[in-house]
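Asker: Chains as they are written, first to last, in the numbering used here: chain A, 1 to 255; chain B, 256 to 691.
#1: Using 8 angstroms for Cβ pairs, my map puts residue 49(A) next to residue 71(A). What's the rounded Cβ distance?
#2: Kindly provide the ranges of any alpha helix (DSSP H) runs that are 4 or more residues long and lie completely inside the segment 281-356 of chain B, ordered along the chain.
#3: What residue does the alpha helix (DSSP H) around residue 215(A) start on, and which one ends it?
#4: Measuring straight from C-alpha to C-alpha, what distance separates residue 118(A) and residue 142(A)?
#5: Please report the residue range of the beta strand (DSSP E) in which residue 602(B) lies.
#6: Counting only Cβ pairs nearer than 8 angstroms, list the residues of chain A close to residue 330(B).
#7: Exposed or buried, which one is residue 329(B) when buried takes at least 16 other CB atoms within 10 Å?
#8: Which of the three DSSP states is assigned to residue 525(B) in this structure?
#9: Buried or exposed, going by whether 16 or more other CB atoms sit within 10 Å of the CB of residue 490(B)?
#10: Which whole-angstrom value describes the C-beta separation of residue 674(B) and residue 424(B), a residue pair presumed to lie in contact below a C-beta threshold of 8 angstroms?
#11: Just list the residues that DSSP pairs residue 585(B) with in beta bridges.
#12: Taking Cβ positions, are residue 501(B) and residue 399(B) nearer each other than 8 angstroms?
#13: Can the beta-carbon of residue 475(B) be found less than 8 angstroms from the beta-carbon of residue 386(B)?
#14: Going by C-alpha distance, which of 316(B), 332(B), 322(B) and 401(B) is nearest residue 289(B)?
#15: Alpha carbon to alpha carbon, what distance is there between residue 687(B) and residue 85(A)?
#16: Does any C-beta atom of chain B lie closer than 8 angstroms to the C-beta of residue 113(A)?
#17: Starting from the beta carbon of residue 663(B), find every residue of chain A whose beta carbon is closer than 7 angstroms, and list them in chain order.
#18: Are the CB atoms of residue 338(B) and residue 344(B) nearer to each other than 8 angstroms?
#19: May I ask you to list, following chain order, the residues of the segment 610-642 of chain B that have a beta carbon less than 9 angstroms from some beta carbon of chain A?
#20: Measure the C-alpha to C-alpha separation of residue 252(A) and residue 2(A) and round it to an integer number of angstroms.
#21: Would you kindly work out how many angstroms separate the C-alpha atoms of residue 80(A) and residue 30(A), rounded to a whole number?
#22: Would you mind listing the alpha helix (DSSP H) stretches within the segment 23-54 of chain A that are 4+ residues and don't spill past its ends, in chain order?
#23: Is the separation between the beta-carbon of residue 498(B) and that of residue 524(B) shorter than 8 angstroms?
#24: Give a yes or no on whether the C-beta atoms belonging to residue 668(B) and residue 573(B) are separated by under 8 angstroms.
#25: Could you please give me the residues that DSSP links to residue 591(B) through a beta bridge?
#26: Per the DSSP calculation, residue 18(A) is bridged to which residue(s)?
#27: Against residue 666(B), what residues of chain A qualify as contacts under a CB-to-CB distance less than 9 angstroms, listed in chain order?
#28: What is the residue span of the alpha helix (DSSP H) that residue 418(B) lies within?
#29: Along the segment 144-159 of chain A, where does the CB come closer than 7 angstroms to a CB of chain B? Name the residues.
#30: What is the DSSP secondary structure of residue 210(A), counted as helix, strand or coil?
#31: Determine the contact status of residue 207(A) and residue 180(A), defining contact as a CB-CB distance below 8 angstroms.
#32: Got a sec: is the Cβ-Cβ distance from residue 249(B) to anything in chain A below 8 angstroms?
#33: Does any C-beta atom of chain B lie closer than 8 angstroms to the C-beta of residue 82(A)?
#34: Do you know how far the Cα of residue 21(A) is from the Cα of residue 224(A)?
#35: Quick one, which residues of the segment 158-189 of chain A are near chain B if we go by CB-CB under 8 angstroms, in chain order?
#36: Cβ of residue 31(A) less than 8 angstroms from any chain B Cβ?
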């Protein structure tokens, strides 16, 4: 589904990604862990098409298409979704209007008819349950005045509505209490299907008790320095990252 | 005769001292004429008009506006104005009360809503007590207020007795039709809100034609102790029209004045909202939104006079400027030495959609008390890239994201309007304007 090859990327003058390679196949969940500043968020943002990062080398192929040639909205239409580490507040746009517009834009791109506001409420009723959010949340401006936990749940709500093929969670678990963490994990697990995949960027092993990954990768210095199964996360939790710094890159992961 | 005097005299060409009016009113009008003649019209040399030249108005010639012989129908009004059926409404066409278009019924006992021309006779005591007592005019910057005072004949009179709450907003709708072309109208409104009374008044200015004319309105408001006056203004004049509007409110102890000024119309518009916080513990909330395009000029000047202790003022004006339009926001706050514990906050944000659009924003705080909290802030900018990326990452295309964010910028301040039908209508207008 997704093949990242020798990706290098900079922000300003600073090189963040240093030849990252990763292969994600349909049905798989990959966890990406690593110390602060290792490039985890950069990788997530580059996949989503954030204009603040410049890709200086390498490639990303998504379902046979050159992802780097696609606009962020085209990536979304093709089924790529990034749950933001820091969701953006948009005062003045109701959550309901935002979600419906996004939902319809994605439907339009697939040649499906748009859904009117009344029918959309029916769609939403079910999705709200997934994230245990109140309908009143839909009338509030996007993320505006939301608590940290509400913002993260709102990301998962958007994901549940858009039903992406490739979901990328950028430290969605950071700052969540255990109840919110379970809600977020449930949202991701409900989306798991043989034709979908997820990349879970996290700083903590804790989330992986709820979203059980097929693979765990350690990103350090902008490269994947270690890959393994879910047990690697436990090892990292116990030993930290220091023992891995300096290990050679493992290159493209095939499992 | 200097040019300024010549211009003033052209605006007073047909003016005559009324012989029927009571002595106090004849005196008020004579003083207004004398003031305009003595001071002349302001130019950009006048500090209060520094960013907006009134020359397009003062160098033009306007005759008193002709009455309409073919008054607009209710359908004509609905096409250009927001006219909810449930709102008691006074309609004025070309500056004159139009009883057949107005409907005032179902008001609580003692609430008076009528034309000022009727109030001269029916409520002479209240009119004399308040008319011309709130809106000052004896300085050059206020020449248009003086002109209005000299010319005033009709407008709206609203009086709410003590302890009465009026559920439905009272709507004052000012329409200029094609026969008003080249004319000037001077609507004069008086709002008297009794102790602990509550009422909402919506002033709306529209036109059914695309011709040039001048609306020069003045509204005076007396807000009694513990009372709340919510007072919204919709300035939707024609693109060839000029609009000068002056609102001046005096607030009693523990009272609240809540205002929203919405401005999309006129070639050149100047809107003053002056509030005197004259009783302890009272406060003013002044919000507004201007959305301009073409070569429109719209100038909002607010003046909040903190004259007593423990009062608050909250002010948030936003502007969306496209093409070569020009917006001005001048927020004056005076805090008298006695007005300790004043709590004031002022914000002005402007979104520029075009490199040729221009905003002049000027906070002006003069504080003579030493124990106060007064803040102000202004931002001028383009759309937020982070917000745009967020929307795009959800599948919303670049053009649609831009439209949505422009709408959101405006809607953010519209959301402060508690009067739901008006809030929904202004959101609709903003959506229609910015989202294809």
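Using N, Cα and C, we set each Cβ at its ideal position, and we do this for glycine too.
Answerer: Considering the structure as presented:
#1: As a position in the first chain, residue 49(A) is number 49, starting the count at 1. As a position in the first chain, residue 71(A) is number 71, starting the count at 1. Sure, about 7 angstroms apart at Cβ, within 8 angstroms.
#2: 310-313 and 329-335
#3: Translated into positions along the first chain, residue 215(A) becomes position 215. Run containing residue 215(A): none in the alpha helix (DSSP H); it sits in the beta strand (DSSP E), 215-220.
#4: To locate residue 118(A), count along the first chain from 1; it is residue 118. To locate residue 142(A), count along the first chain from 1; it is residue 142. Going from the Cα of residue 118(A) to the Cα of residue 142(A) covers about 20 angstroms.
#5: Within the second chain, numbered from 1, the residue matching residue 602(B) stands at position 347. Segment 598-607, the beta strand (DSSP E) holding residue 602(B).
#6: Along the second chain, read from residue 1 onward, the residue named residue 330(B) stands at position 75. By Cβ distance, chain A contributes nothing, its closest Cβ being about 28 angstroms from residue 330(B), past 8 angstroms.
#7: Numbered from its first residue, the second chain carries residue 329(B) at position 74. Counting Cβ neighbours within 10 Å, residue 329(B) comes out exposed, since fewer than 16 surround it.
#8: Position 270 of the second chain, counted from the first residue, corresponds to residue 525(B). DSSP places residue 525(B) in strand when its eight states are reduced to three.
#9: For the purposes of this step, residue 490(B) is identified with residue 235 of the second chain, where counting begins at 1. That one is buried.
#10: As a position in the second chain, residue 674(B) is number 419, starting the count at 1. As a position in the second chain, residue 424(B) is number 169, starting the count at 1. Contact holds; Cβ gap of about 6 angstroms.
#11: Counting from one through the second chain, the residue named residue 585(B) turns up at place 330. Partner(s): 556(B) and 617(B).
#12: Taking the second chain and counting its residues from 1, one reaches residue 501(B) at position 246. Taking the second chain and counting its residues from 1, one reaches residue 399(B) at position 144. Yes. Within cutoff.
#13: Here residue 475(B) is taken as the residue at index 220 of the second chain, counted from 1. Here residue 386(B) is taken as the residue at index 131 of the second chain, counted from 1. Yes, Cβ-Cβ distance for residue 475(B) and residue 386(B) is below 8 angstroms.
#14: Residue numbering aside, residue 289(B) sits at position 34 when the second chain is read from its first letter. Ranking the options by Cα distance to residue 289(B), first place goes to 401(B).
#15: Here residue 85(A) is taken as the residue at index 85 of the first chain, counted from 1. Here residue 687(B) is taken as the residue at index 432 of the second chain, counted from 1. C-alpha separation (whole angstroms): 33 angstroms.
#16: The residue given as residue 113(A) occupies position 113 in the first chain. Residue 113(A) does not count as touching chain B.
#17: What you label residue 663(B) is simply residue 408 of the second chain in a count that begins at 1. Chain A residues near residue 663(B): 90, 91, 92 and 93.
#18: Residue mapping note: residue 338(B) aligns to position 83 of the second chain, counting from 1. Residue mapping note: residue 344(B) aligns to position 89 of the second chain, counting from 1. Contact flag set, yes.
#19: 639, 640, 641 and 642
#20: Against the first chain, residue 252(A) aligns to sequence position 252. Against the first chain, residue 2(A) aligns to sequence position 2. In this prediction, residue 252(A) has a pLDDT of 44, which is less than 50 and means its spatial position is unreliable; what the coordinates show is noted afterwards. One C-alpha to the other measures close to 11 angstroms.
#21: Counting from one through the first chain, the residue named residue 80(A) turns up at place 80. Counting from one through the first chain, the residue named residue 30(A) turns up at place 30. Computed Cα separation, rounded: 15 angstroms.
#22: 40-48
#23: In the second chain, the residue the question calls residue 498(B) occupies position 243. In the second chain, the residue the question calls residue 524(B) occupies position 269. In contact: residue 498(B) and residue 524(B) (Cβ atoms closer than 8 angstroms).
#24: In the second chain, counting from the first residue as 1, residue 668(B) sits at position 413. In the second chain, counting from the first residue as 1, residue 573(B) sits at position 318. Taking 8 angstroms as the Cβ cut-off, residue 668(B) and residue 573(B) qualify as a contacting pair.
#25: Numbered from its first residue, the second chain carries residue 591(B) at position 336. According to DSSP, residue 591(B) bridges with nothing at all.
#26: Position 18 of the first chain, counted from the start, is the residue given in the question as residue 18(A). Note: residue 18(A) sits in a beta bridge opposite 8(A).
#27: Taking the second chain and counting its residues from 1, one reaches residue 666(B) at position 411. Result: 91, 92, 93, 94 and 141.
#28: For this step, residue 418(B) is matched to residue 163 along the second chain. Run containing residue 418(B): none; DSSP gives neither H nor E here.
#29: 158
#30: For this step, residue 210(A) is matched to residue 210 along the first chain. Residue state, collapsed to three classes: coil.
#31: Counting from 1 along the first chain, the entry for residue 207(A) is found at position 207. Counting from 1 along the first chain, the entry for residue 180(A) is found at position 180. For residue 207(A) and residue 180(A), no; Cβs fall outside 8 angstroms.
#32: Here chain B comprises residues numbered 256 to 691, so residue 249(B) is not present and cannot be evaluated.
#33: Translated into positions along the first chain, residue 82(A) becomes position 82. Yes, its Cβ sits closer than 8 angstroms to a Cβ of chain B.
#34: Here residue 224(A) corresponds to residue number 224 of the first chain, with the count starting at 1. Here residue 21(A) corresponds to residue number 21 of the first chain, with the count starting at 1. If you take the alpha carbons of residue 224(A) and residue 21(A), they lie about 7 angstroms apart.
#35: 158 and 162
#36: As a position in the first chain, residue 31(A) is number 31, starting the count at 1. No, its Cβ sits nowhere closer than 8 angstroms to a Cβ of chain B.
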